[in-house]
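Residue numbers (my numbering), protein chains in the order written: chain A, 887 to 1002; chain B, 223 to 334.
Glycine included, every Cβ here is placed at the ideal spot set by N, Cα and C.
It should be emphasised that the depicted structure is a prediction, and the values quoted were computed from it without experimental measurement.
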Amino acid sequence: DTAVSQTPKYLVTQMGNDKSIKCEQNLGHDTMYWYKQDSKKFLKIMFSYNNKELIINETVPNRFSPKSPDKAHLNLHINSLELGDSAVYFCASSQDVGRLSNTEAFFGQGTRLTVV
Amino acid sequence: GDSVTQMEGPVTLSEEAFLTINCTYTATGYPSLFWYVQYPGEGLQLLLKATKADDKGSNKGFEATYRKETTSFHLEKGSVQVSDSAVYFCALANQAGTALIFGKGTTLSVSS
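Okay, here's the thing in structure tokens:
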């Protein structure tokens, strides 16, 4: 069983469209994250949720909206897609908020979004 | 704010060569430090970590020592294999423990 799974793995879409990426973890973790990896492999945190509550919201355009229906799921919805949104988006989870100093973060395989 | 700086890649080595990937950090206090590895087509996996000064993290032949004097956490391996080809990320946990701050990643390519 995959610990952190994301769908879809690849997503190609036109500018202006709205799309969603889904993430699910079966580790029983309370905290989930979205990271963006740009074309130069630079990874930056976008959002963090703990037990469905938003903890971190970095400087991300309002077009990006995370949704956490329960603590095992954290979906990412993107409105009005732009060329610059093309990247690989990684979902991750960890046990409890505020414990990354001592616990491991588990990452999904990533979703490669290409906006044309 | 907190930040991590890694050496630029790509790093290209022959099998059995010695590997060093440099990593330095800027942070408040003494954060936990990590190396994550991303194999082609996969997500990131924790390779090793160190939670306090002078700690040495090790795994799969890789080692890194937490040096607070030089704010460094360099990754080393004595003899690399083709299967070590991947992107390596140095990271730290922010002071609140709520996020990992990553370096830009270093691509390692090992040929036989």
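Closer than 7 angstroms to chain A by CB, residue i
i       : result
K282(B) : no
K326(B) : yes
V302(B) : no
L268(B) : yes
A318(B) : yes
L337(B) : One cannot answer for residue 337(B) here, as it falls past the ends of chain B, which runs 223 to 334.
L235(B) : no
L322(B) : yes
Beta-ladder partner(s) of residue i, from DSSP
i        : result
L255(B)  : A272(B) and L314(B)
T293(B)  : Note: T293(B) sits in no beta bridge, so no partner.
T234(B)  : S331(B)
G279(B)  : A286(B)
M1005(A) : Since the first residue shown for chain A is 887 and the last is 1002, residue 1005(A) is missing from the structure and cannot be characterised.
S951(A)  : H963(A)
L897(A)  : L999(A)
A308(B)  : L330(B)
Euclidean distance between Cα positions of residue i and residue j
i        : j        : result
G263(B)  : Q995(A)  : 7 angstroms
L314(B)  : D904(A)  : 33 angstroms
D224(B)  : V898(A)  : 34 angstroms
R985(A)  : Y252(B)  : 15 angstroms
V1002(A) : Q923(A)  : 18 angstroms
Q303(B)  : M229(B)  : 20 angstroms
Q981(A)  : N912(A)  : 12 angstroms
S966(A)  : K299(B)  : 45 angstroms
T292(B)  : D916(A)  : 35 angstroms
E910(A)  : A889(A)  : 8 angstroms
V983(A)  : D277(B)  : 24 angstroms
T227(B)  : V946(A)  : 22 angstroms
S951(A)  : N937(A)  : 17 angstroms
T328(B)  : Q267(B)  : 15 angstroms
M901(A)  : S294(B)  : 42 angstroms
A318(B)  : T1000(A) : 33 angstroms
A973(A)  : S925(A)  : 6 angstroms
Proximal chain B residues relative to residue i, where beta-carbon distance stays under 9 angstroms
i       : result
Q995(A) : G263, E264 and G265
Listed by chain order, chain A residues near residue i by CB distance under 9 angstroms
i       : result
A272(B) : Within chain A, no residue comes near A272(B); the closest Cβ sits about 11 angstroms away, beyond 9 angstroms.
Proximity test, Cβ basis, 7 angstroms: residue i and chain B
i       : result
A958(A) : no
L962(A) : no
I942(A) : yes
I907(A) : no
R985(A) : yes
L897(A) : no
S934(A) : yes
K927(A) : yes
Under 8 angstroms from the C-beta of residue i: neighbouring residues of chain A
i       : result
A315(B) : L986 and S987
P253(B) : S987
Inter-residue CB distance, residue i and residue j (contact presumed, cutoff 8 angstroms)
i       : j       : result
L929(A) : Y921(A) : 5 angstroms
A308(B) : L322(B) : Not really, about 18 angstroms apart at Cβ, beyond 8 angstroms.
Y975(A) : T997(A) : 5 angstroms
S333(B) : S236(B) : 6 angstroms
I243(B) : V259(B) : Going by Cβ atoms, the distance from I243(B) to V259(B) rounds to 11 angstroms, so no, they are not a contact pair.
Contact list for residue i against chain B, beta-carbon separation under 8 angstroms
i       : result
F976(A) : G265 and L266
F950(A) : Residues of chain B passing the Cβ test: none, with the nearest at roughly 16 angstroms.
Per-residue contacts from residue i into chain B (C-beta, under 7 angstroms)
i       : result
E990(A) : L268
Closer than 7 angstroms at the beta carbon, the chain A residues around residue i
i       : result
F311(B) : L929
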